[in-house]
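Okay, so here's the structure we're looking at.
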Amino acid sequence: VLIRAMSELKDDNWVYLMAGTDFGCLKELMQLAKQLGVEKNIVHVGFINKQKKHFYQALDVFVSPSKAEALGMTLVEAQSLGTVSIGSDFGPVREVVLDDVTGFLVPYGDYRVLGSRIKELMDSPKLRKQMSAKAKKRSSQFSWKNLTDCILKVYNGEIADFYSMIKM
127 VLIRAMSELK
137 DDNWVYLMAG
147 TDFGCLKELM
157 QLAKQLGVEK
167 NIVHVGFINK
177 QKKHFYQALD
187 VFVSPSKAEA
197 LGMTLVEAQS
207 LGTVSIGSDF
217 GPVREVVLDD
227 VTGFLVPYGD
237 YRVLGSRIKE
247 LMDSPKLRKQ
257 MSAKAKKRSS
267 QFSWKNLTDC
277 ILKVYNGEIA
287 DFYSMIKM
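The sequence shown begins at 127 in my numbering and counts up by one.
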């Protein structure tokens, strides 16, 4: 989906840093990129666990077009470093990315909408800067302290509103 979205950008002024372990689909993805004429713009950086901070900080936009997430921790990690994110519009990702506030939500699989949202962010450093500050603030909601404070409230019989901790 992301490779198809990137092929919609119509210029060569971008690089797609693809992170993660090759689970047997990298060759197929690179063949698709070649067919779409964007292979030269894609760099597979592999497993980044120990370099996550540097990876996220090197990005203008972080995109996670997945169709299934438990929470979307990669989105939280990216936003915690002020990297504006785009994710698929479904439950768990909606918990992390506030559409048009901290990033964008797009329908899963719609590479044209995804491409236009990427372009919108790439064309507007001002928008990225505004969303970046809000993304950083939003991500702090998912801190271990906030999570444990909410759990302690529940254990003590109090009402715990996880989302009340951070006001946007």
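Ideal placement from N, C-alpha and C gives every residue a C-beta, glycine not left out.
Counting only the Cα atoms, V210 lies some 10 angstroms from V227.
Counting of Cβ neighbours within 10 angstroms places E203 among the buried residues, the total reaching 16 or more.
Pairing V223 with P191, the inter-Cα distance amounts to about 12 angstroms. Shortest Cα-Cα distance from Q256 to any of F230, N272 and K279 involves F230. Per the coordinates, the alpha-carbon of L253 lies some 42 angstroms from the alpha-carbon of N282. In this chain, the alpha helix (DSSP H) harbouring G241 covers Y237 to M248. For V187, the enclosing beta strand (DSSP E) has its first and last residue at V187 to S190. With contacts defined by Cβ atoms closer than 8 angstroms, I174 and Y142 do not form a contacting pair. I129 and L201 have their C-alpha atoms some 19 angstroms from each other.
Around the beta carbon of A196, a 10 Å sphere encloses fewer than 16 other beta carbons of the protein chains shown; the residue is thus reported as exposed. In this structure R243 is buried. Its beta-carbon is surrounded by 16 or more other beta-carbon atoms within 10 angstroms. In this structure M132 is buried. Its beta-carbon is surrounded by 16 or more other beta-carbon atoms within 10 angstroms. Excluding the 5 residues flanking it on each side, E134 has same chain C-beta neighbours closer than 7 angstroms at Y237, R238 and G241, in chain order.
Burial state of L207 is buried, judged by a 10 Å Cβ sphere holding 16 or more other Cβ atoms.
For the set Q205, M199 and A194, the Cα lying nearest the Cα of F216 is the one of A194.
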